[in-house]
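Heads up: the sequence shown begins at 850 in our numbering, then just goes up one per residue. This report concerns only the one structure given below.
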Amino acid sequence: MPSLKELDAEAARLRELISHHNYRYYVLDDPEITDAEYDALMRRLEALEAAHPELRTPDSPTQRVGAAPSEKFAVVAHRQMMLSLANAMDAGEMREFDARIKRFLRSDAEIEYVAEVKLDGLAVELVYEHGRLTVASTRGDGLHGEDVTANIRTIKSVPLRLHQPDGAAIPQLLEVRGEVIFPLRGFQRLNAERVAAGEPPFVNPRNAAAGSLRQLDPRITASRPLEIFFHSPGVMEGISFASQWSFLEGIKRLGLRVNPLSRLCRSVEEVLDYWNELTERRHELDYEADGVVAKVNSFALQHQLGEVSRSPRWAVAYKFKAQQAETRINAIEVQVGRIGSLTPVAKLEPVQLAGVTISNASLHNLDEIRRKDIRVGDKVLLERAGDVIPYIVRVTEKGRPRAGEFRMPEHCPVCGAAIVHEEGEVGYFCVNANCPARMRESIRHFASKNAMNIDGLGDKLVAQLVEKGLVRELDDLYRLRKEDLIGLERMAAKSAENVLAAIAGSLNNSLDRLINGLGIRHVGESTARALAIRFGSITALMDASEDELMAVRDVGAEVARSIREYFSEPRNRRMIERLPEQLRRAQPPAAAGGRGALRDKSFVLTGTLETLTREAAEQRILAAGGRVTGSVSRKTDFLVAGADPGSKLRKARELGVTVLDEDQFLALLRDEQSDG
Ligand code: IVH
């Protein structure tokens, strides 16, 4: 048996190796080992530490997700104020900025600038003492921020300990500032999941980043794909740099991720070229960028220039032109969601914005409407965030005569029941669990592709089924007869048969689809899967305690409470008991019982498949326990390449990711099923 000392040495060696490979992967974007090899290192370290907890160190890569939720964030004072940036509106103002600097320095020589992407995220400061991450805080008011150390630690590209190649010196103190961002792909996925789970979507990726970072429970932060880029120094001791460019290079060597698009420019004209290039390319980025930051490169010159009113004289932000349009609000309607929440929606005079016609924009909630003082008849400025959701930036011209302030209705606009609103909360809810609007949304969700996947149960049909009282609860779907359907609008015998066949087909669905379909608040597709695998049957899930629920990956206190609430409602229990036997006995997804070779394997799809749609391919992968992601990285296990594959194929080849053609992919799925 190895001695404790030997094990300690091995743990230290593993941590160093893992740190090295993190550096290759996150900072250099040039990994040396495969995913499986990396995972093996992590597992070995985890096993060592589990067997000998005394070997654990706080900066061990196994210790990213820490302590239980606390009440609120502590306040952190920044040793050096976190400044903000002045803006330049156009090229003329950029040249003025440059001329001002030359005047101030009494010099005609061209100024060297570092041009960087202005990331639209959340500013944070990380403090490394003797190489160890000790505190991370938000910008706050520039002087004081919030302590978000536990959450920042969960971001995989943040080193808990600075990288130390070849025994290089580690500074006593290094404060670095950067931007936490929410990647766009992850953002769309998160919002889709939130909507499916009955939660309000985030307005834009920036809010999603802020919302994820300001979670009291670091497990929630850990489940979000946050990323970080470092861009400026705070206080430094035991290390110094002569310029912004050498600072960026230096911190990169220490394992801190910097944006690869930064560029050293020899004059303001080169900065303008950079801005033009980036304006063209910004849509290729997987994160939101709102402009370019130009910084005087020399720290000596920066020092000489100093600052005015909380902004440095040596830096400026040159924003991109936003994708905006102006239009008028014709009406404000209130929609009722699946859990009864009311959402005000602006009905707009249709307008073109970034290539699509927009006629609706969610106003999110009453607070938002009051803050922006939005009223019917007003002209408003619309913007598309992350090129997805249109939202109203502000009122540009008040309606004349001006309409009264918008008020939330006291009664549900659909069923007329009372509306409840808790003092101090933003939400308004229809109290009627039988509200047709809620029922409509519930059925729509139940039948949706990622839930019970019942084809042919479209919005119009659902609305009629509810209106005619044919479906009052989800289980009523399974008692529909042909004669109920015939006679409904656009329902002939053949289409009625098709709908009934699709409903009957859903009886064979796996348990995770049923759980997802119930529409429990906070429970989306992936949580439903985890619950199905853990509990194995709907009855076991119905009786699970909050503690048992919280033992499941992804399930925190709030989610557990919501699941308990759902199942302690007698009406929900009765509905489930009335579901056909076959459905009540639904089993966890195939992979749990199957061979499981695809379990947790990540797939990327590219090009066109011949025999199945992209959605169907995704479903098959999920059913086999795999994951589907949007872009190829070192973590990708398989790239499925159909006809006319794009750049993903090249990237996969570069990274050594296994590439499958359609036949190989189908064969893999077949093996998975037949061996199960
Ligand atoms: S430098 C004094 N560099 O923009 C220097 N800031 O309006 C200030 N930001 O609070 C920071 N990308 O959160 C810098 N490449 C970049 C940036 C950047 C985004 C944010 C930062 C700051 C805000 C200033």
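Quick reminder that beta carbons are idealized off the backbone N, C-alpha and C, glycines included.
Judged by beta-carbon spacing, Val-1477 lies beyond the 9 Å limit of Phe-1514, meaning their Cβ atoms are not closer than that value. Here Arg-1002 carries a coil assignment [DSSP, helix/strand/coil]. With respect to Leu-1230, Gln-1173 sits close: the two C-beta atoms are nearer than 9 Å. Between Leu-1039 and Ala-1017, the beta carbon gap of about 38 Å keeps them out of contact (Cβ cut-off 8 Å). Residue pairing for Ser-986: DSSP places it in a beta bridge opposite Glu-974, Asp-996.
Taking a C-beta distance under 9 Å as the contact criterion, Leu-1197 and Ile-1207 qualify as a contact pair. For the pair Gly-1354 and Arg-1130, the Cα-to-Cα distance works out to about 46 Å. Nearest to Ile-1077 by alpha-carbon distance, out of Val-1107, Gln-1184, Ile-1292, is Val-1107. The way I'd put it, the region 1418-1427 does touch the region 1320-1332; three or more beta-carbon pairs between them come closer than 8 Å. Assignment of Met-1085 by DSSP, reduced to helix, strand and coil, places it in the strand class. Beyond the five residues adjoining it in sequence on each side, Ser-1092 comes within less than 7 Å, by CB distance, of Asn-1146, Ser-1147, Phe-1148 in the same chain, given in chain order. By the criterion of a C-beta distance shorter than 8 Å, His-870 is surrounded in its chain by Pro-880, Glu-881, Ile-882, Tyr-887, Leu-890, once the five residues flanking it on both sides are discounted.
DSSP, read as helix, strand or coil, puts Ser-909 in coil. Per DSSP, the unbroken alpha helix (DSSP H) holding Leu-1334 starts and ends at 1331-1334. Straight through space, the alpha carbons of Ala-1312 and Val-1320 are spaced by roughly 10 Å. Per the CB criterion, closer than 5 Å to any heavy atom of ligand 1, the qualifying residues run in chain order as Leu-932, Ser-933, Leu-934, Glu-965, Lys-967, Leu-968, Ala-972, Glu-1028, His-1080, Ser-1081, Val-1142, Pro-1161. The region 1395-1406 makes no contact with the region 1327-1340; the number of CB pairs closer than 8 Å stays below 3.
Between Gly-1027 and Met-930, the C-beta gap is not smaller than 9 Å, which leaves the two residues out of contact.
Secondary structure of Asn-1302 (DSSP, three-state): coil.
At a Cβ-Cβ threshold of 9 Å, Arg-1420 and Ala-1400 do not count as neighbours.
Among the bridge pairs identified by DSSP, Phe-1036 is matched with none. Under the three-state reduction of DSSP, His-870 is assigned to helix. Taking a cut-off of 8 Å for Cβ pairs, the region 1162-1181 and the region 1265-1277 do not touch, as fewer than three such pairs fall below it. Per DSSP, the continuous beta strand (DSSP E) segment holding Gly-1140 begins and ends at 1138-1145. In this structure Arg-1219 is exposed. Its beta-carbon is surrounded by fewer than 16 other beta-carbon atoms within 10 angstroms. The region 1328-1416 contains, as complete alpha helix (DSSP H) runs of 4+ residues, the segments 1331-1334, 1342-1354, 1360-1367, 1374-1384, 1387-1391, 1395-1399 (chain order). Each residue's CA atom was taken as its position, placing Glu-1254 and Ala-1266 some 23 Å apart. For Gly-941, the uninterrupted alpha helix (DSSP H) run begins and ends at 940-954, by DSSP.
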